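Take a look at the structure set out below.
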């Protein structure tokens, strides 16, 4: 894989997490559910340990839906490195307003 295009393995089941641990540069459990995400990341960690791989080498990306600072902190604590968020609106003014709110209420306060 290196050098080359990073391989991101997607999936919302433990088998996908285990596969990502063996062969991928990143893992994308798209649902981002706080109910299932910890289980998937535990499976990833276990498989990394079995394959003598450092789990920190695998970048975790997930979809987050609507965010607040506490939710961002929970994702960070789980080891998520990148959050995908949906557009706050689809019309020009709503998008502009939503992005400004996001910038002020979340982006400016996250390290």
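In my numbering, the protein residues as written are 454 to 564. Idealized CB from N, CA, C, for every residue including glycine. Model, not experiment: these values are computed from the prediction.
Between which two residues does the beta strand (DSSP E) harbouring residue i extend?
i           : result
residue 535 : 535 to 537
residue 523 : No beta strand (DSSP E) holds residue 523; the alpha helix (DSSP H) holding it covers 522 to 531.
residue 510 : Taken as a continuous stretch (DSSP letters only), residue 510 belongs to no beta strand (DSSP E), as it is neither H nor E.
For residue i, count neighbouring Cβ atoms within 10 angstroms of its own Cβ and tell me buried if that reaches 16, exposed if not.
i           : result
residue 485 : buried
residue 460 : exposed
residue 487 : exposed
residue 542 : exposed
residue 522 : exposed
Considering residue i, what are the terminal residues of the alpha helix (DSSP H) in which it resides?
i           : result
residue 554 : 545 to 558
Is the Cβ-Cβ distance between residue i and residue j less than 9 Å?
i           : j           : result
residue 465 : residue 497 : no
residue 474 : residue 512 : no
residue 518 : residue 539 : yes
Quick one: measure Cβ to Cβ for residue i and residue j, integer angstroms, because I've assumed they're closer than 8 Å.
i           : j           : result
residue 516 : residue 490 : Not a contact, Cβ separation roughly 10 Å.
Q: For the region 460 to 502, list the alpha helix (DSSP H) runs that are entirely contained and at least 4 residues long, ordered along the chain.
A: 467 to 476
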